[in-house]
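The sequence shown: position 142 = 844 (my numbering), numbered continuously.
A short write-up of the structure that comes next.
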Amino acid sequence: MSDGTGRRRAGGRAGRQASRSVAPELIPFLTRSVPPYEVLGDEGLTIIEENADTILHEVGVEIVDFPEALEIFDSAGANVEGTRVRFPRGMCRDLAASAPSRFTQHARNPNRSVTIGDPHMVFAPAYGSPFVRDLEGGRRYATIEDFQNFAKLTYMSPQLHHAGGTLCEPVDLPVNKRHFDMIYSHVKYSDKPFMGSVTAPERAQDTVDMAGIVFGDEFIAENTVILSLCNANSPLSWDRAMLGSAKIYAENNQATMLTPFILAGAMAPVTVAGTAAQTLAEALAGIAFTQMVRPGAPVVLGSFASSMSMQSGAPTFGTPEPALVLWVMAALARRLGVPFRSGGNLTASKIPDAQAAYESAATFFPTMTAGVNFVLHSAGWLEGGLSMGYEKFILDADMAGMAGALVAGVDLSESGQAMSPILTTGPGQHYLGTEHTLANFETAFWRPGTSDSNSFEQWESEGSKDAVTRAHERWRQMLSDYEPPPLDDDIDQKLRTWVEKRKDSFPDSDVS
C-alpha cells in the first residue's frame, strides 16, 4: 500500500509493532536564526575564489584510473592532457550554478526527512572508524554488531537528525560485501535518512538499487533519498572510487558531498588562505563533474581540514587554524550557492577525557557559528577518526542538543522580552514564583543530559560517577530500551532476498 508519496505504507506485523512502540523525540533538523560568523569580507573571499580558479586553470586536477571521467570533462570543454584536467577560468563555478541551493533528503519515515541548505543544520554521527571503544571493552576492531548498535543509538538520539553512513567499519565482514549489511542495517534499525556506499561505483549502484526497493524506483527517480560522501585525494586528485560513485549518484538524482580531506602542511599549504583556496578548487572540480553528468543533481560542498604537528606529523584537532578554514569555507559555499558540510566533534584523544572535551568543543563551536548545513562526525569521533566511542557518542550527542538553543537565537516575542515580570517584580525580589517563570520553567534553559549540576553531597550519595560512567550507563540503557521503527514486511523480505542474491553472485574478498 502507498502513503501517497509513492512509498509503501507500513502494515502487518510492523504496523502492529508501531502501535506498541514509542518513537524517539522527533526533531527533524535545526533552523538557524542567528547570522553566520564571518572572518573575511568580500575582498578577502574574492581573492581566495580567484586563487582557486588559478589552481584549476594552471595546475588542474589529476584523474586516477577513470578514463570515462576524462571523456566527460573533455566533452564539457575542459583541457584534458593525459590524466590531467585543467579548466578555463570560471568554468567550474558556472557549472556549479545548476546545483540546487538546498534540497530535501527523504527518509522512509516522511516525518524524519531533512532539508539540507541554508538556513538549516543537520547533524549526523561520526563516519568510517575501523575501531570502536567503550568503557568496559576498551579499544577493539569494529564488527557488524557494533554498526547495528550505533544505528540504534543514532535512531534513539533526537539530537542527531541523520543516520549517517559508515558508522564504523565492520571488519568481520568481507570488504567487498560489507556495504550490503551496512545499508540494510540503516534501513532496518532506523527510519532516518542515511548515506550510501562510495568505495566503488558498483557499490554506489547497489545502494541505489536497495533504495529503490525501500522507496520505489519511481519515487527515487524524482526525489533524493541518498546522500553520500566523496572525498578528493588531496592534493588535487580524484580517483575512480569517489568520482565514479559521484557519477552513479548524480545520474540517479541522488546527492553527494564533494569533500577534500586535507591535513594542512602535508596535503595542502600550512596557511589558512592556501588551504581554503585548494579546498575550493578540489571541491569545485567534483561539483562541476556532477553537473556535467546531470545538471541540477544535488551536491554539498564539503571541507575537512585539520592541522598537524610539525614536530611529529600527527594530525591535530581543536586548533585555531582549522576553525578559520571552516568559517572561510562556509562563506565561500554561500557565495557559490550550494549547501556546506564541515565541522563535528573532533579530537585526537584516544579516550573521552578532558582533551577530547576541549578539542571537540573547539571544533563544534565554529561549526555552530559558521552556518554549516550538514555536520558529519557530530557524535562518537575519537583518535583522529580511527575509533568510534560509545561513551563519546553519548557525550557528543548531548552537546549537539545544545546547538538547537544556540542557533535559534534571541526570542523577541512578548514572552521572550519578559517585560511583564520585570515590571511587576519589585527590587530585591525573586522571579521564581512569577506567572512568567511558572509558564516557562520547563523549557527556559537547555539542560544537558549527562552533566551533573547537583551538590557535592548528592553527587557523592549517587555513586560519585564521572561523565564517562554516566554516558556508559546511558548507552547501555538505550540499547536495552530500543525498539525498531516499523518496516513493511514485504520490503524487508525483498531487501534480504535481493542482498543474498547479490552476495552469492560473486566471491568474498578482503581487497577493497
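Ideal Cβ placement from N, Cα and C applies to all residues, glycine included.
In the DSSP assignment, ALA934 falls within the unbroken beta strand (DSSP E) covering 928 to 934.
Sequence-distant Cβ neighbours of ARG942 in its own chain, meaning closer than 6 Å and more than five residues away, are ASP767 and PHE768. GLN1057 and MET1101 have their C-alpha atoms spaced approximately 15 Å apart.
Rounded to whole angstroms, PHE789 and LEU1026 show a C-alpha spacing of 28 Å. Beta bridge pairing from DSSP links GLY1004 with ARG1043. Residue burial is scored here from C-beta neighbours: TYR951 has at least 16 other C-beta atoms within 10 angstroms and is therefore classed as buried. Taken through DSSP and simplified to helix, strand or coil, ILE818 comes out as strand. One thing to note: PRO903 has its Cβ within 8 Å of the Cβ of LYS949. Each residue's CA atom was taken as its position, placing ASN813 and LEU732 some 14 Å apart. Exposed is the label assigned to TYR843, since fewer than 16 other Cβ atoms lie within 10 Å of its Cβ.
Annotation for SER892: ALA853, THR856, TYR857, ALA865 and PRO1187 place their beta carbon closer than 7 Å to its own, counting only its chain and skipping 5 residues before and after. Remark: fewer than three beta-carbon pairs, one from each stretch, lie closer than 8 Å, so the stretch 1036 to 1052 and the stretch 990 to 999 are not flagged as touching. Here the C-alpha atom of PHE1066 lies approximately 22 Å from the C-alpha atom of SER1155. TRP1029 carries a helical assignment under DSSP once its states are collapsed to helix, strand and coil.
In this structure MET969 is in contact with PRO937, their Cβ atoms being roughly 5 Å apart against a cut-off of 8 Å. Per DSSP, ALA970 lies in no beta strand (DSSP E) segment and is marked neither H nor E. When the five nearest sequence neighbours on each side are left out, the beta carbons in the same chain lying within less than 6 Å of the beta carbon of ILE989 are those of ALA798, LEU960 and VAL1001, in order along the chain. Taking every protein chain shown into account, the CB of SER1182 has fewer than 16 other CB atoms within 10 angstroms, so this residue is exposed. Here HIS1132 is exposed, its C-beta having fewer than 16 other C-beta atoms within 10 Å. Between the stretch 872 to 887 and the stretch 1197 to 1212 there are three or more C-beta pairs closer than 8 Å, enough to call the two in contact.
Straight-line measurement puts the Cα of GLY898 at about 33 Å from the Cα of ALA1169. When GLU1116, LEU1078 and GLU1175 are compared, the shortest CA-CA separation from TYR829 is found for LEU1078. By the CB criterion at 8 Å, ALA1099 and LEU862 fall inside the cutoff. Using a C-beta cut-off of 8 Å, the stretch 1119 to 1132 makes no contact with the stretch 746 to 758, since fewer than three inter-stretch Cβ pairs fall below that distance. Secondary structure of PRO812 (DSSP, three-state): helix.
The residues MET897, GLY898, VAL900, TYR951 and THR958, in chain order, have a CB closer than 6 Å to that of SER930 in the same chain once the five nearest residues on each side in sequence are set aside. For GLY946, the enclosing alpha helix (DSSP H) begins and ends at 942 to 953. The C-alpha of TRP1177 lies about 29 Å from the C-alpha of ALA913.
Within its own chain, the residues whose Cβ lies closer than 6 Å to the Cβ of VAL974, once the five positions on either side in sequence are excluded, are GLU1023, LEU1026 and VAL1027, listed in chain order. Spanning the alpha carbons of GLY1106 and GLU770 requires a straight line of approximately 44 Å. In the three-state reduction of the DSSP assignment, GLU764 falls in the strand class, which pools E and B. Less than 8 Å separates the beta-carbon of GLY1086 from that of PRO1017. Distance from the CA of TRP1200 to the CA of GLY918, rounded to the nearest whole angstrom, comes to 14 Å.
In the DSSP assignment, VAL1201 falls outside any beta strand (DSSP E) and within the unbroken alpha helix (DSSP H) covering 1191 to 1206. Taking the Cα of ILE729 as reference, the smallest distance to any Cα among ASP744, HIS822 and PRO872 is reached at HIS822. Burial state of GLN1119 is exposed, judged by a 10 Å Cβ sphere holding fewer than 16 other Cβ atoms.
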